[in-house]
Every structure is written in C-alpha cells, then in structure tokens.
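The next block holds one structure in the form of structure tokens; read it before the comments.
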C-alpha cells in the first residue's frame, strides 16, 4: 500500500472524499468501511482519521468553509440592511463554493436522506451554522430573540433553496434559488399563497398585516 | 424488586419518565443507566424497553401526541386559511398538552441543550413533525415546494415560541407565544426589525414588499 504513516500526502482530503463517495455509491454507505476508503484513496486509515473523526464526517468536511462564507457575508453586509437581508447576503455568498458541484451535492443529499445517522449529523451541522449566524446578528446589534429567529429562518431558506438548486436547471446558481426562496418566503409569511401555488382558495382568515401595524404581544 | 416480568403495571410510562428525570437531574444524564431508571420506578428493565427503544427516548415519548395535535389542528382548520395560518392553528392546539408542564419542559430543555445525543434525537423528531405537517398541507391542496417551506417555517415558529414559553412568565400559555412569534416573524420577513428590537438603523436596503407585490423569480 502506498502512503506510509505520517508522511504528508498531497490532496489527501480530496482523495479521501472522492474515494468515500465512489464506494458509498458502488457498495452502499453501510457496507463501506473507513479502511476501504483509505485503501481506495491509496492512504492509510491513520491518515483518514487525521482529517475526519468518523466515517460520517467525510461527507461534512465542507461545513467549516460554508460557515466562514456565511459569517463573512453577514459581517460585511451594509449596516443598514435588515437582519434577514444580511443573512440572505451571507447565504448567497456561498454559491461559488457549490459551483461545479451539483452532481456531487445531489448524490450526497440522496445518501443523507437514506441514512438516519447522516441525517442526524447534517441537522447538528445546520444547528451549529444557525448559532454562528445568530452570533453574527447579535454583533450587528440585533437583540437575541430576533437574532435567533432570523438565523433559524435563514437556515430554512438555505435548505429550501439548496433543495431546489440540487434538483433545478443548470442555468441557475444557488444564489438565484436563495433569492427565489426569499420571495416565496415573503409571500407565505404575509398570508397569501406562494406563486404558482394555490389550488386552495385565497380568501384569508386573518388580516394580512403590514410592517409596523402588527400588534406586539 | 417489585414488578415481575410481563405483568401489567399501572402508569408504567409516567413512572419511568419521572424516575428518569429525577435521576438525570440528581446524577446527570450520562451517569444514569436504564436499569437504574427501572429500579427507581419499581419496574424491570424489560418493562422499560416495552415503552422506550433506548435511554434517550424516555425524554421524547410525547412526540406522537404532539404530532397528532398539530396534524388534527391543521386538518380541521378552515379551508380558507392560508397555509401558514393553518399551521399556526395546529401549533396553538398543542398548548393544553404542555399546561402544568413548564417546569418539566425547562429541565428537559436544559438536558437536551447539554447533550449532543439528545439534541440529535430532538432534531430528528422535529424533522418528522415537519414532514407530517407538510403532508397535511399537501392534502389541503398546497403544492409540494410551498408545503415544505411552510412546514419548516412552522417548526421555526414552534421552537422559538416554545423557548419563549419555557423561559417566560406564568401568565401566558404556549398559544400566546406562538401568536407573538407569528407577529415577530411577519415583521422580520417583511424587512423591518422585530418590535422592541433595533439598536440597528431601520433604513432598509431593499423595498419591504407588500403581499402580492413581490416579483416571482
């Protein structure tokens, strides 16, 4: 086996990720071992564990880069931006990271949907991203309750946009879907049904409310 | 030990839950075993596993009842209600289930926040609730993308409202906080900052948009 212990290996991270994905798709996630992933990448198990804490983690190594992009995007958004728009700017800033990775993202989503342990890991990662976003908003002077709520909404927006991008046409990047989902979100929350929607009647049971007119409680 | 195998035990579920919570608070979640929980409840381990698949589950046995209340609330909401308002009606319908349980809920939240494995389980339970809500909305004729988005927003609303209720004054029930969070959600999504908020400037980077006026994308 190539790759003796402790030696620095070029592109080890990428090689391990590619090997893992190839094996997961060929033999199934459950039937692939860390040792097989390392062997396929022509690296040792020890090298694997230098990069990843466990088998699941090989599918989540992008989460730190993702968080950095979102956090930087929120931090550098103009101070005049409303909290949710700053979050949207942060989310849109992640689009380049996913460019050229749509096929990989689709395969990865399929694996996550099919395995509870991967789904759990993803939810924990998203919960961490939520906390990081909320912390950024608090630094922008947004009070804690609002910061948490906006961060949670941001994650919903991101998940929905990502889902649409993964299954969408090649013409549009992730930022396009983030923007489109932001539009739908506004429609859904202000009380009317989202575009292209409604086979249900449009009559509203409550008054739609305008910014500033809603009663505090 | 009282409680021989296979015998029906009155209130076994509640006794196991109470015993578990008492031990978790006294000795810590990690240091409490299933066998100790059963012993404290004067039941056998076998009885424990008739009710719960593992130690974590003893904190989540209410999730089916919760789902039923939400689903019934959405299903019986007037057909004229916008999707998110039907979801809000479903969430408000859960308030009686939590009445008198605020102290328990607060202790439980503390445990979940402190233990990743409990946090993971909670996130999976909420993901299931999200799917159930989305399915209800689709039955009301809401298209899939919108149904998923509204269900996710509903969960954010519920989590935020629950957090506020757990830490809030005794005067108000959970339904009150669901309603209050719904108001904040509207403010946050239409672009202005939520009430009592803003130390940040209010000037908006984007036009706030009115129901029906937002462009589709």
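Protein chains in written order, with UniProt numbering: chain R, 1 to 217; chain G, 1 to 217. Cβ atoms here follow ideal geometry from the backbone N, Cα and C, with glycine treated the same way.
Our two residues, residue 112(R) and residue 118(R), have alpha carbons roughly 5 Å apart in a direct line. Contact between the segment 100–111 of chain G and the segment 38–45 of chain G is not established, with fewer than three Cβ pairs separated by less than 8 Å.
Excluding sequence positions up to five before and after residue 78(G), its CB lies less than 7 Å from no other CB in the same chain. Below 8 Å, too few C-beta pairs join the segment 172–188 of chain G and the segment 161–181 of chain R to call them touching: fewer than three. In the three-state DSSP reduction, residue 29(R) falls in the coil class, being neither helix nor strand. In this structure residue 190(G) is buried. Its beta-carbon is surrounded by 16 or more other beta-carbon atoms within 10 angstroms. Inter-segment contact for the segment 18–38 of chain R and the segment 62–76 of chain R is absent: fewer than three beta-carbon pairs are separated by less than 8 Å.
Secondary structure note for residue 96(R): its alpha helix (DSSP H) is the uninterrupted segment 95–98. Between residue 43(G) and residue 12(G), the C-beta spacing is below 8 Å.
Residue 49(R) is classed as exposed because its beta carbon has fewer than 16 other beta carbons within 10 Å across all chains shown. Here residue 28(G) is exposed, its C-beta having fewer than 16 other C-beta atoms within 10 Å. Taking all protein chains in view, the Cβ of residue 160(G) is crowded by 16 or more other Cβ atoms within 10 Å, so the residue is classified as buried.
Interface flag for residue 148(R) against chain G is set, since a Cβ pair is found closer than 8 Å. For residue 191(R), no alpha helix (DSSP H) segment is defined, and its DSSP state is neither H nor E. Along the segment 159–173 of chain G, going in chain order, the ones with a CB nearer than 8 Å to a CB of chain R are 159, 160, 163, 164.
With fewer than 16 other Cβ atoms inside 10 Å of its own Cβ, residue 110(G) counts as exposed. The C-alpha of residue 182(G) is placed about 31 Å away from the C-alpha of residue 56(G).
Around the Cβ of residue 152(R), a 10 Å sphere holds 16 or more other Cβ atoms; the residue is buried.
For residue 138(G), the CB contacts under 8 Å within the same chain, skipping 5 residues up- and downstream, are 144, 147 in chain order. Taking C-beta separations shorter than 6 Å and ignoring five residues to either side along the sequence, the partners of residue 15(R) in its chain run 41, following chain order. CA-to-CA, the gap between residue 168(G) and residue 155(G) works out to about 19 Å.
The C-alpha of residue 157(R) lies about 8 Å from the C-alpha of residue 149(G). For the C-beta of residue 84(R), the chain G residues within less than 8 Å are, from N- to C-terminus, 188, 189, 191. Excluding residues up to 5 positions away in sequence, 125 lie with their Cβ nearer than 6 Å to the Cβ of residue 63(G) in the same chain.
DSSP places residue 142(R) in the coil class of the three-state scheme, outside both helix and strand.
Its chain contains 86, 87, 89, 90, 133, 136, 137, 140 as the residues whose beta carbon lies nearer than 8 Å to that of residue 74(R), once the 5 sequence neighbours on both sides are disregarded; these appear in chain order.
Under a 10 Å Cβ-count criterion, residue 96(R) is classified as exposed, with fewer than 16 other Cβ atoms of the shown protein chains found around its own Cβ.
Distance from the CA of residue 130(R) to the CA of residue 94(R), rounded to the nearest whole angstrom, comes to 15 Å. Put simply, the CB of residue 156(G) is near chain R, with a gap under 8 Å to one of its CB atoms. Annotation for residue 55(R): no alpha helix (DSSP H) segment contains it, and DSSP assigns it neither H nor E.
Within chain G, the residues whose beta carbon sits less than 8 Å from that of residue 119(R) are 124, 127, listed in sequence order. DSSP assignment within the segment 107–152 of chain G yields the following whole alpha helix (DSSP H) runs of 4 residues or more, N-terminal first: 116–139. Pairing residue 71(G) with residue 51(R), the inter-Cα distance amounts to about 43 Å.
Measuring C-alpha to C-alpha distances from residue 9(R) to each of 45(R), 23(R), 127(R) identifies 45(R) as the nearest. Counting only residues of its own chain and dropping the five nearest sequence neighbours on each side, residue 105(R) has a CB closer than 7 Å to the CB of 98, 166.
For the UniProt domain "HTH tetR-type" (10–70) of chain R, the set of residues with a beta-carbon nearer than 9 Å to any beta-carbon of chain G is empty.
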